[in-house]
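What follows is a single structure, written as structure tokens, with notes after it.
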Amino acid sequence: MKVPFKALLLSVLVLLVTGALAAPINPNDWKHPEAMATLDELKKAIGNPDYVIIDASKHKPSKTVKGAIWISCASVRQASGLLKGIKGYPSDPAKDFDPSELQKIFRQLGVSNGKTVIVISRKPVWDAGVVWTSLYFLGYDKVKLLPVNYTAIGEEYLGPVEKSWSPDLPETGDFTVDKSKIRYDMYATREKILGAIESGNVGIMDCRPEAWYKGEIAKSVRGGHLKGAKDVPAESFWEDSYQKELKSKSEIEKLIEEKFPGVKKILTTCNTGHRATVGYFVWQLGYEWLYDDASWNIHAYDASMPAEDIHVLISYKDYSSLKKTVQELKEQISSLQKELAKEKASKKTTTPSKKTPGFELVIAIIGIAAVAYIVRRK
Numbered sequence: 003m004k005v006p007f008k009a010l011l012l013s014v015l016v017l018l019v020t021g022a023l024a025a026p027i028n029p030n031d032w033k034h035p036e037a038m039a040t041l042d043e044l045k046k047a048i049g050n051p052d053y054v055i056i057d058a059s060k061h062k063p064s065k066t067v068k069g070a071i072w073i074s075c076a077s078v079r080q081a082s083g084l085l086k087g088i089k090g091y092p093s094d095p096a097k098d099f100d101p102s103e104l105q106k107i108f109r110q111l112g113v114s115n116g117k118t119v120i121v122i123s124r125k126p127v128w129d130a131g132v133v134w135t136s137l138y139f140l141g142y143d144k145v146k147l148l149p150v151n152y153t154a155i156g157e158e159y160l161g162p163v164e165k166s167w168s169p170d171l172p173e174t175g176d177f178t179v180d181k182s183k184i185r186y187d188m189y190a191t192r193e194k195i196l197g198a199i200e201s202g203n204v205g206i207m208d209c210r211p212e213a214w215y216k217g218e219i220a221k222s223v224r225g226g227h228l229k230g231a232k233d234v235p236a237e238s239f240w241e242d243s244y245q246k247e248l249k250s251k252s253e254i255e256k257l258i259e260e261k262f263p264g265v266k267k268i269l270t271t272c273n274t275g276h277r278a279t280v281g282y283f284v285w286q287l288g289y290e291w292l293y294d295d296a297s298w299n300i301h302a303y304d305a306s307m308p309a310e311d312i313h314v315l316i317s318y319k320d321y322s323s324l325k326k327t328v329q330e331l332k333e334q335i336s337s338l339q340k341e342l343a344k345e346k347a348s349k350k351t352t353t354p355s356k357k358t359p360g361f362e363l364v365i366a367i368i369g370i371a372a373v374a375y376i377v378r379r380k
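Under the working numbering, read the sequence shown as residues 3 to 380, first letter to last.
Rendered as structure tokens:
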């Protein structure tokens, strides 16, 4: 029996499309299934009074999951980058952490004891990681992270942002922090970071892109990384650039085991503690997880913190300005060179009263050399 060509082609296309669909998430594959949400559970949570859906995308999206309340992940952090309630750096949260501000924020978001909270975000998923980590750190047990970009749920489950957090929002939840349940053990204090570096028994995972890890780019006084840290960019945990499909547990397990053989505890770090929340995935593999809330933007100012690849002398904000200055100096040199060439061609004799481009050229060359040196160090 001959199969019609069109039917055969259609079958092939169906197989291709089916194979291209994101692999379903199975929380039971992971160490802490109670802390991982699936797209199916997210669908069921829409309109369910027993759930709170928090969209933690840093920038307000045009659409979110229906029924979600949006809060920028930056809203649970201080201007310094530290979690709200942390009393500066270095400090010991177990002694001086004040959870009242975060408690108020989560109450405003509708978090009540007993409700299941699902934290979601668009790309990057570590936006959701920041808010999940904050609530989990406070001791709230029924908080789940959706480990993929929530737009993977499908357009029919998305709608306009109808609820947004603001500082004057009324408290609709009754979540109360029990200080005895705060997870201080996961917070990487300066002492714990130094201990990790000195012991060699703790894996230090830098979650920034390679250029940041190597100190070629920085947003602080210098670039570099903690001594002994290994680079595992946060993007490494997803199959696609849109972060709609999480890599399999076995793939992530292999990645981590190759980077950190023989360790049971991993400290995650980055620039501000943002990307470092992908430590959630090493925790889901069964490792103990230390979260570096301070990260490099603060460690860079700590001269006694053991570090490597220190060779950045300027801040990231100054970099574009320096590039512009270099370009202007190049143009000035080019102009002066042309003027000098014309003068030589006409064989004119320079008199003391006349302005000579030779001296200006030397000064310009010295200037561009100095700036170029800084940029190279950058």
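Ideal placement from N, C-alpha and C gives every residue a C-beta, glycine not left out.
Query raised in the report: Beta carbon of Y189, beta carbon of P95: below 8 Å?
Result: Looking up residue 189 in the sequence shown gives position 187. Looking up residue 95 in the sequence shown gives position 93. Yes.
Report task. Go to P162, then tell me how far its beta strand (DSSP E) extends in each direction, as first and last residue. Result -> Residue mapping note: residue 162 aligns to position 160 of the sequence shown, counting from 1. Looking at the DSSP string, the run of the beta strand (DSSP E) that includes P162 is 160-162.
Query - 6 Å Cβ shell around A302 - same chain, five flanking residues per side excluded - result: One-based indexing of the sequence shown puts residue 302 at position 300. Excluding positions up to five away in sequence, the list reads S222, V223, R224.
Query raised in the report: When burial is assigned at 16 or more other CB atoms within 10 Å of the CB, is K62 buried or exposed?
Result: For the purposes of this step, residue 62 is taken as the residue at position 60 of the sequence shown. It is exposed - the Cβ of K62 has fewer than 16 other Cβ atoms within 10 Å.
Query raised in the report: Buried or exposed: which applies to D187, given that a residue is buried once 16 or more other Cβ atoms fall within 10 Å of its Cβ?
Result: Here residue 187 refers to the residue found at position 185 when the sequence shown is read from its first residue. Label assigned to D187: exposed.
Query raised in the report: Helix, strand or coil for T118 per DSSP?
Result: One-based indexing of the sequence shown puts residue 118 at position 116. Reduced to three states, the DSSP call for T118 is strand.
Report task. With DSSP as the reference, please indicate the residues paired to I254 in a beta bridge. Result -> As a working mapping, residue 254 is identified with position 252 in the sequence shown. Answer is none; I254 lacks a bridge partner.
Query - Whole-angstrom distance between L104 and D57, CA atom to CA atom - result: For the purposes of this step, residue 57 is taken as the residue at position 55 of the sequence shown. For the purposes of this step, residue 104 is taken as the residue at position 102 of the sequence shown. Using only the alpha carbons, I get a separation of about 16 Å.
Query raised in the report: Near L10, which residues of its chain fall below 7 Å by C-beta distance, leaving aside the five closest residues on each side in sequence?
Result: The count along the sequence shown starts at 1 and reaches residue 10 at position 8. Reliability of the predicted coordinates at L10 is poor, the pLDDT of 44 falling under 50, and the value obtained from them is presented with this limitation in mind. Here the set comprises nothing.
Requested in this report: Verify whether the separation of the beta carbon atoms of E247 and E255 is less than 8 Å.
Outcome: As a working note, residue 247 is residue 245 in the sequence shown. As a working note, residue 255 is residue 253 in the sequence shown. Cβ atoms of E247 and E255: not closer than 8 Å.
Report task. Determine the closest residue to Y142 out of E218, N115, E259, with distance taken between C-alpha atoms. Result -> Against the sequence shown, residue 142 aligns to sequence position 140. Nearest of E218, N115, E259 to Y142, Cα basis: N115.
Report task. Using the Cα positions of E200 and A231, report the straight-line distance between them to the nearest angstrom. Result -> Working through the sequence shown from its first residue, we reach residue 200 at position 198. Working through the sequence shown from its first residue, we reach residue 231 at position 229. Roughly 12 Å separates the two Cα atoms.
Query - Closest residue to L1 among Q329, L44, Y289 (Cα-Cα distance) - result: A query on residue 1 cannot be resolved here, the shown segment of the chain reaching from 3 to 380 and no further.
Query - Whole-angstrom C-beta distance between V113 and G49, which should lie under 8 Å - result: Counted from its first residue, the sequence shown places residue 49 at position 47. Counted from its first residue, the sequence shown places residue 113 at position 111. Not a contact, Cβ separation roughly 17 Å.
Query raised in the report: Roughly how many angstroms separate the alpha carbons of H227 and G288, rounded to a whole number?
Result: The residue you call residue 227 lines up with position 225 of the sequence shown. The residue you call residue 288 lines up with position 286 of the sequence shown. The alpha-carbon atoms of H227 and G288 are separated by roughly 25 Å.
Query raised in the report: What are the residues that DSSP puts in a beta bridge with I55?
Result: The sequence position of residue 55 within the sequence shown is 53, counting from 1. Its beta-bridge partners are I120.
Query raised in the report: If you drop the 5 nearest sequence neighbours on each side, which residues of the same chain put their C-beta closer than 6 Å to that of N203?
Result: Reading the sequence shown from its first residue, position 201 is the one you call residue 203. Nothing meets the Cβ criterion.
Report task. With 8 Å as the threshold, decide whether the Cβ of A220 is near any Cβ in chain D. Result -> The displayed structure is made up of one protein chain only, and chain D is not part of it.
Query raised in the report: Where do the ends of the beta strand (DSSP E) carrying K62 lie?
Result: In the sequence shown, the residue the question calls residue 62 occupies position 60. Looking at the DSSP string, K62 is not in any beta strand (DSSP E), and its letter there is neither H nor E.
Query raised in the report: DSSP state of V204, grouped into three classes?
Result: The residue given as residue 204 occupies position 202 in the sequence shown. Look at V204 here: in three-state DSSP terms it is strand.
**Report entry** Cut-off 6 Å between Cβ atoms - residues of its own chain near T279, not counting five sequence neighbours on either side
**Finding:** By one-based count along the sequence shown, residue 279 stands at place 277. Correct list, in chain order: W128, G131, V132, T135.
Report task. Grab me the residues of P235's own chain with a C-beta within less than 6 Å of its C-beta, minus the 5 sequence neighbours each way, in chain order. Result -> By one-based count along the sequence shown, residue 235 stands at place 233. Listed in chain order, the non-local C-beta contacts of P235 below 6 Å within the same chain comprise P211, local neighbours out to five positions each way being set aside.
Query raised in the report: When burial is assigned at 16 or more other CB atoms within 10 Å of the CB, is Q339 buried or exposed?
Result: Stepping through the sequence shown from its first residue, residue 339 is reached at position 337. So Q339 counts as exposed.
Query raised in the report: Between E173 and D98, what straight-line distance do the alpha-carbon atoms span, to the nearest angstrom?
Result: Position 171 of the sequence shown, counted from the start, is the residue given in the question as residue 173. Position 96 of the sequence shown, counted from the start, is the residue given in the question as residue 98. Answer to the nearest angstrom: the Cα atoms are 25 Å apart.
Query raised in the report: Looking at C-alpha atoms only, which residue of V67, D52, L196, E36 is the closest neighbour of S166?
Result: Locating residue 166 in the sequence shown gives position 164, where the first residue counts as 1. Nearest option by C-alpha distance: V67.
**Report entry** Backbone secondary structure at D170 - three-state DSSP
**Finding:** As a working mapping, residue 170 is identified with position 168 in the sequence shown. The answer is coil: DSSP assigns D170 none of H, G, I, E or B.
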